[in-house]
Structure formats: structure tokens, C-alpha cells
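Chemist:
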Amino acid sequence: MDSVDLNVLRSVLEWRRAGQRVVLFTVVQTWGTAPRPPGAMLALREDGVVIGSVSGGCVEDDLIARLHDGRIPADGPPVQLITYGVTREEAARFGLPCGGTLRLTEERVGDPQWISDLLERCEAHEIVARELTIATGSVSLVPASKSDALVFDGETLRAIYGPRWRLLLIGAGQLSRYVAEMARLLDFEVLICDPRKEFVYGWEEQHGRFVTGMPDEAVLSIQTDERTAIVALTHDPRLDDMALLTALDSKAFYVGALGSRVNSQKRRDNLAQLGLSAQAIERLHGPIGLHIGSHTPAEIALSLLAEIVAIKNGIELRQKKPL
17 MDSVDLNVLR
27 SVLEWRRAGQ
37 RVVLFTVVQT
47 WGTAPRPPGA
57 MLALREDGVV
67 IGSVSGGCVE
77 DDLIARLHDG
87 RIPADGPPVQ
97 LITYGVTREE
107 AARFGLPCGG
117 TLRLTEERVG
127 DPQWISDLLE
137 RCEAHEIVAR
147 ELTIATGSVS
157 LVPASKSDAL
167 VFDGETLRAI
177 YGPRWRLLLI
187 GAGQLSRYVA
197 EMARLLDFEV
207 LICDPRKEFV
217 YGWEEQHGRF
227 VTGMPDEAVL
237 SIQTDERTAI
247 VALTHDPRLD
257 DMALLTALDS
267 KAFYVGALGS
277 RVNSQKRRDN
287 LAQLGLSAQA
297 IERLHGPIGL
307 HIGSHTPAEI
317 ALSLLAEIVA
327 IKNGIELRQK
337 KPL
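Numbered by our numbering, the letters in the sequence shown go through residues 17 to 339 in order.
Right, dumping it as C-alpha cells:
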């Protein structure tokens, strides 16, 4: 799940623990073109404060209006269904493109313990299914797999929640700072490893967490999975190649290293001499990033993250990169 949705749940947990009433809305079905996919969430506090999103904005306004005009009574059913955009006129009114329609669950949050448990499992990089019974509002958490998807049959909502996407940066230099800032905006959890103490200064204001140890140790310690990208940015083969030897044999969905085409080929030759298999070396992205004529650190960071996001989203890249 996106960290946006995790933040919704964190807020719901905080509000409920403070004794405030909260209604949680979840997109369960869409027809046509919808602004947010099934699973997107919005939480509405008793005073009208909201976090999250289920549409482009107009539906959110109506949900708040439902609270203020009494359409969400405090003693109402634990869960009910709401549909927006049944007619083309209504879709236009609520800003749904192309006559789109979306259905939401309107769920009064009671005991928030399931939220605490779910967040703990996500932090532990577990994939979890939340099963919500519409008739009673009861919630259960069960293990799920990465291939599972949201299912709604009219009686039970089975929504999938999992760990955030992660980006491990080897090197804490200037380029890494730009990459870290952009990655944070793209909802990546940013991890940094750099045993060179001279490069640590200034990162206390950045959004990233340092992983101790040498680069190969860092790759192992974070328990790399299919939601992890690893990029070596030190330009020092003594550090970069240590990380790559471990990362290329891991489950990381993206492994890249900074360098020109010529230097990238030298790196591949060196990794082969160090005993890495041809199949593992084939996974290495280098030069990193999409070719956009980038020269500055910010442009290189943009190019790199565009490539990572494309691969994360299942886009096949065939673009050739220059020397």
C-alpha cells in the first residue's frame, strides 16, 4: 500500500486513542475512469477534519457535508455503502471523469486495536489482508501474499495492506540528497548507508534513515524484498561493488549504480571476476536512469527515480542510453 494510506491509518489510530469519533471511507469498487483506485482511503473526524483522498475533491466535500447535515448519525449502522456517479450528471457534479462511478464503505471505527496490529505488521514488512464484514463491522487480519488484490463481494471487503516501497542509497553525497528528497515525495522509505563519516553532516534535516555497517552488511540487515530498490551512488567501486555483490543476488526489484556506459561495463566485468553469475549481473541497471539529457544532480535524480517508478509500476523500458 502507499504510505499515504498508512498515514490515514496512523491518524485514525491517534484520533481514536484520543477518544474522538472517526469514520473511515474506503473505495471498494469503481466503474469507468475513477480518480483513486480501490483501496484508497479517507478518514473523517467528528469535527470535520479529514486525511486521505477518495476522489479529486468534490466527493470529499460531500462526505464532510454528510457529517455536518446529519447523514452520518453517531448511532448509525457500523458500516454502510455509498455510491457516487450513478448518472452522468452526478458524475459531472462530483468531478468523476468520463462518467465514472465509485462505491465506498462508510465505516465507523470502534476499537482501534486492529489498526495498531496492522501498522506493526506493515512495519515488519508483512503483507496483511483486512477482512471487514459489512453487516456487523467486525474486522479480522489474516496473512496475504503479494499477488493478492482487493476483493469486495457485497458482504465482505478484503483489502490488502503491505510494507512501503523502500529505497536504499549507498553513499550520502550531494546526489543522494536530491534522490532522497524526491523519493520521499514519491512515498518511498529512504535508507542510506555510508561508512564515510565525512558525508554524514547535514542529513539530520533530510528525510532518510541511516543504516550502519558496510554496504554489503546494510543490504543484508534491511532484509531486502521485492519492494526494495538499491542504488550505489558513491562512485567508489570499493563501496559500490560491495553493495552490488549482495544486492544483485537479493529480491530487490531494482539494483543500479552510477556511472557512464563505459564505466558500467567495467563494473560488470569486475563483478564477474568476483564470482557473480551472469544472470545476476544482467539485473544491474547502469547507466542509471532514463535518458533525459540530465547533467545536474537534480536532473540525474529525476532521471533515476523516473526509471525506478516505471519499473515499480510494471512499465517495460526499451530506451537506449548514450555513452
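Yeah, the Cβ is synthetic: ideal placement off N, Cα and C, and Gly gets one too.
(1) Three-state secondary structure (DSSP) at W219?
(2) State yes or no: is the C-beta of A248 within less than 8 Å of the C-beta of G187?
(3) In or out: L333 buried (at least 16 other Cβ within 10 Å) or exposed?
(4) As an exercise, report each continuous alpha helix (DSSP H) stretch of at least 4 residues that is fully enclosed by the segment 201-248, in chain order.
(5) If you measure between the beta carbons of T121 and L97, is that distance less than 8 Å?
(6) For the putative contact between V155 and L148, defined by C-beta atoms under 8 Å, what is the C-beta separation to the nearest angstrom?
(7) If you draw a straight line from the alpha carbon of S163 to that of E214, how long is it in whole angstroms?
(8) Classify A130 as helix, strand or coil using the three-state DSSP reduction.
(9) Please classify T262: is it buried, with 16 or more other beta-carbons within 10 angstroms of its beta-carbon, or exposed?
(10) With burial defined as no fewer than 16 other Cβ atoms inside 10 Å of the residue's Cβ, what is the status of H301: buried or exposed?
(11) Between the beta-carbon of L320 and the beta-carbon of L202, is there less than 8 Å?
(12) In the DSSP assignment, the alpha helix (DSSP H) including S69 goes from what residue to what residue?
(13) Can you tell me the Cα-Cα spacing of A296 and Q239, whole angstroms?
(14) Out of L264, E242 and G218, state which residue places its alpha-carbon closest to the alpha-carbon of P231.
(15) According to DSSP, simplified to helix, strand and coil, what is Q281?
(16) Among D210, A145 and I150, whose alpha-carbon lies nearest the alpha-carbon of D4?
(17) Could you pull out every residue in the same chain whose Cβ sits closer than 7 Å to the Cβ of I131, ignoring the five residues on either side in sequence?
(18) Specify the secondary structure class of G36 as computed by DSSP and reduced to three states.
(19) From the DSSP output, in three-state form, read off W181 for me.
(20) Is it the case that the segment 283-291 contacts the segment 308-317, given that we only count it when at least three CB pairs across the two stretches are under 8 Å?
(21) If we call anything under 8 Å between Cβ atoms a contact, is R254 one with V271?
(22) Buried or exposed for E323, please, with buried defined as at least 16 other CB atoms from any protein chain shown within 10 angstroms of its CB.
(23) Could you spell out where the alpha helix (DSSP H) holding P313 opens and where it closes?
(24) Is it buried or exposed, S266, if we count other Cβ atoms within 10 angstroms and call 16 or more buried?
(25) Closest to A151 by CA distance: which of H141, A140, T172 and F168 is it?
(26) In whole angstroms, what is the alpha-carbon distance linking A5 and I304?
(27) Apart from the five residues just before and just after A347, which ones in its own chain have a Cβ nearer than 7 Å to its Cβ?
(28) Looking at L83: is its Cβ nearer than 8 Å to the Cβ of F41?
(29) Whole angstroms is fine: what's the gap from R193's alpha carbon to I246's?
Modeler: Inspection of the coordinates gives the following:
(1) Translated into the one-based positions of the sequence shown, residue 219 becomes position 203. Here W219 sits in helix by DSSP.
(2) Your numbering for residue 248 matches position 232 in the sequence shown. Your numbering for residue 187 matches position 171 in the sequence shown. Going by C-beta atoms, A248 is nearer than 8 Å to G187.
(3) Taking the sequence shown and counting its residues from 1, one reaches residue 333 at position 317. Exposed, by the Cβ-count rule.
(4) 231-237
(5) Working through the sequence shown from its first residue, we reach residue 121 at position 105. Working through the sequence shown from its first residue, we reach residue 97 at position 81. Cβ atoms of T121 and L97: closer than 8 Å.
(6) Taking the first residue of the sequence shown as position 1, residue 155 is located at position 139. Taking the first residue of the sequence shown as position 1, residue 148 is located at position 132. With 8 Å as the limit, V155 and L148 qualify as a contact, their Cβ atoms being about 6 Å apart.
(7) Numbered from 1 along the sequence shown, position 147 holds the residue referred to as residue 163. Numbered from 1 along the sequence shown, position 198 holds the residue referred to as residue 214. For S163 and E214, the distance between alpha carbons rounds to 43 Å.
(8) What you label residue 130 is simply residue 114 of the sequence shown in a count that begins at 1. Strictly speaking, residue 130 in this sequence is Trp, with Ala absent from that position. DSSP places W130 in helix when its eight states are reduced to three.
(9) Residue 262 sits at position 246 when you count from the first residue of the sequence shown. It counts as buried.
(10) In the sequence shown, the residue the question calls residue 301 occupies position 285. Per the 10 Å Cβ criterion, buried.
(11) For this step, residue 320 is matched to residue 304 along the sequence shown. For this step, residue 202 is matched to residue 186 along the sequence shown. Taking 8 Å as the Cβ cut-off, L320 and L202 do not qualify as a contacting pair.
(12) What you label residue 69 is simply residue 53 of the sequence shown in a count that begins at 1. That residue, S69, is in no alpha helix (DSSP H); it is neither H nor E in DSSP.
(13) One-based indexing of the sequence shown puts residue 296 at position 280. One-based indexing of the sequence shown puts residue 239 at position 223. For A296 and Q239, the distance between alpha carbons rounds to 18 Å.
(14) The residue labelled residue 231 in the question sits at position 215 within the sequence shown. Taking only the C-alpha atoms, the option nearest P231 is L264.
(15) Within the sequence shown, residue 281 is the residue found at index 265, counting from 1. Note: Q281 maps to helix in three-state DSSP.
(16) Since the first residue shown for the chain is 17 and the last is 339, residue 4 is missing from the structure and cannot be characterised.
(17) Walking along the sequence shown from the start, residue 131 turns up at place 115. The residues are L25, V28 and L29.
(18) The count along the sequence shown starts at 1 and reaches residue 36 at position 20. Per the sequence shown, residue 36 should be read as Gln rather than Gly. Coil at Q36, not helix or strand.
(19) In the sequence shown, counting from the first residue as 1, residue 181 sits at position 165. In the structure shown, W181 sits in coil (DSSP, three-state: anything other than H, G, I, E or B).
(20) no
(21) Mapped onto the sequence shown, residue 254 falls at position 238. Mapped onto the sequence shown, residue 271 falls at position 255. For R254 and V271, no; Cβs fall outside 8 Å.
(22) Taking the first residue of the sequence shown as 1, we reach residue 323 at position 307. Result: buried.
(23) Taking the first residue of the sequence shown as position 1, residue 313 is located at position 297. That run of the alpha helix (DSSP H) goes P313 to K328.
(24) The residue given as residue 266 occupies position 250 in the sequence shown. Label assigned to S266: buried.
(25) By one-based count along the sequence shown, residue 151 stands at place 135. Comparing Cα positions, the closest option is T172.
(26) With the chain covering 17 to 339 only, the question about residue 5 has no answer from this structure.
(27) No statement about residue 347 is possible, as the shown extent of the chain runs from 17 to 339 and does not include it.
(28) Locating residue 83 in the sequence shown gives position 67, counting from the first residue. Locating residue 41 in the sequence shown gives position 25, counting from the first residue. No. Outside cutoff.
(29) Translated into the one-based positions of the sequence shown, residue 193 becomes position 177. Translated into the one-based positions of the sequence shown, residue 246 becomes position 230. When rounded, the distance between both Cα atoms is 15 Å.
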